[in-house]
Amino acid sequence: MTRVSVIIPTYNRAATLPRAIDSALAQTIDDLEVVVVDDGSTDDTESVLAEYEDPRVRPVLHATNRGANVARNTGLEHAHGEYVAFLDSDDEWQPTKLERQLAALEDRSSDWVGAYCGTAYDLSGASGRLRSIAASVLARSDDEPTREGGEELIGEILADNVQPGAGSTLLVRTDVAREVGGFDEDLDRFQDPEFCLRVLECGNLAYVDAALVRRNETGHPPADVTRTASRQYLSTYESEVERFEAEGYEIRSRHELIIAKRYFAEGRFLRALWHFRKAGASPRTYPGVCWVAGAGLRRRSRPIVVALVALLVVITLGRHTRSE
């Protein structure tokens with residue numbers, strides 16, 4: 000049996016797909032296959048895949064576009080590996096990613112069914128570096144969350160304190176991924192943590208404390224879609240939300256923050272502030288909130304004075320929420 004099946008869903012990403020495939024083929028483990036699910040692309044994806052003569056690359060074609068979650072599940076159906084690892088077609092792995100995850104599971108009991116790792120975003124340019132530095136400094140004031148285990152991870156994931164990132168960071172036993180039913184094909188957002196919560200029903204997840212995935216920000220679902228998906232996601236896990244909020248986890252408020260940021264990014268400030276006033280904001284969230292608010296203001300072509308006032312409102316509300 001193949002050791003690891005790498006599943007790459009892709010749709011109209013001919014420009015970034017080779018980078019993802021090459022990073023999978025460059026892994027320091029030899030026993031792997033790369034299942035690329037072309038989800039009905041209309042660009043040059045077919046030509047890109049035709050250039051790979053490596054027998055480890057196995058293309059699977061959807062005749063029409065059916066969505067990333069369906070494509071991941073199609074890849075899962077075609078996987079021959081003991082483990083599966085998902086990789087978005089605009090992300091890339093460090094060469095030792097799979098090796099280090101397998102090593103993290105090697106000496107553990109069968110209760111440990113998978114492992115995830117840290118990520119780094121491609122924040123290029125001076126503004127990106129400034130954003131990264133500010134976030135790093137301010138994050139030191141927050142408590143370190145629990146990053147591996149079983150039951151203890153559920154609250155952290157629901158509260159978005161940890162992001163296992165099943166789309167690019169997770170390595171999990173194939174039988175477990177199939178047993179839990181793969182990815183929820185009805186969710187347009189939060190499908191990664193939702194999948195991980197179902198994996199945790201079968202066993203524990205380990206964590207490799209290293210940024211072994213390089214992610215590229217290529218857009219988000221619309222704010223309205225994010226809001227609807229958040230309600231659906233939290234409703235599915237209503238009893239867990241109630242239980243972990245009673246233990247002190249800020250779950251609903253953190254989701255209000257996620258929704259608010261998407262509305263800020265779209266320049267829909269009244270709706271953003273409506274959600275932000277209910278959000279659980281900590282110092283480490285300020286750079287990201289200010290960044291997306293500024294992006295939203297630029298989309299609306301507002302004067303710089305308005306931009307500064309809006310950012311001050313964001314920070315003030317955040318501090319107020321933090322003190323409650």
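Mapping of the sequence shown onto numbering that gives the first Met the number 0: position 155 corresponds to residue 154, and the numbering continues sequentially without gaps.
Think of the CB as a built atom: it goes at the ideal place given N, C-alpha and C, for glycine as much as any other residue.
Next on the checklist: With H, G and I counted as helix, E and B as strand and the rest as coil, what does DSSP make of Pro8?
Outcome noted: strand
For Thr1, does the three-state DSSP call read helix, strand or coil?
strand
Notebook entry, point to check: Quick one: any contact between the region 261 to 280 and the region 232 to 239, if contact means 3 or more CB pairs under 8 Å?
Noted result: no
On the DSSP bridge assignment, give the partners of Cys116 in chain order. Val207
By DSSP, does Ala165 sit in helix, in strand, or in coil?
-> Looking at Ala165 - three-state DSSP - the assignment turns out to be coil, as it is neither helix nor strand.
If I'm right that Arg251 touches Leu233 with Cβ under 8 Å, what's the distance once you round it to whole angstroms? 7 Å
Beta strand (DSSP E) runs contained entirely in the region 21 to 77, provided each spans 3 or more residues
Correct list: 31 to 38, 56 to 61.
Quiz prompt | Ala278 (DSSP reduced to helix, strand or coil) | solution = coil
**Study point:** Where the beta strand (DSSP E) through Phe182 begins and ends
**Key:** Note, Phe182: premise wrong, no beta strand (DSSP E); not H, not E.
For Pro94, I'd like the list of residues in its chain whose CB is within less than 8 Å of its CB, leaving aside the five on either flank, ordered along the chain.
Correct list, in chain order: Ser22, Ala25, Gln26, Thr27.
Could you please give the first and the last residue of the uninterrupted alpha helix (DSSP H) stretch that includes Phe194?
190 to 198
Rounded to a whole number of angstroms, what is the C-alpha to C-alpha distance between Arg2 and Asp174? 13 Å
Check your understanding: Closest to Phe85 by CA distance: which of Ala271, Gly266, Met0, Asp191 is it?
Key -> Asp191
**Study point:** Start-to-end residues for the beta strand (DSSP E) that takes in Tyr82
**Key:** 80 to 85
Checklist entry - Between Val161, Cys195, Glu265, Asp185, which lies nearest to Val179 when the distance is taken from Cα to Cα? => result Closest by alpha carbon: Cys195.
field: Bridge partner(s) assigned by DSSP for Gly295
entry: Its beta-bridge partners do not exist; DSSP assigns none.
| field | Cut-off 8 Å between Cβ atoms - residues of its own chain near Asn72, not counting five sequence neighbours on either side | value | Gly181, Phe182, Glu184
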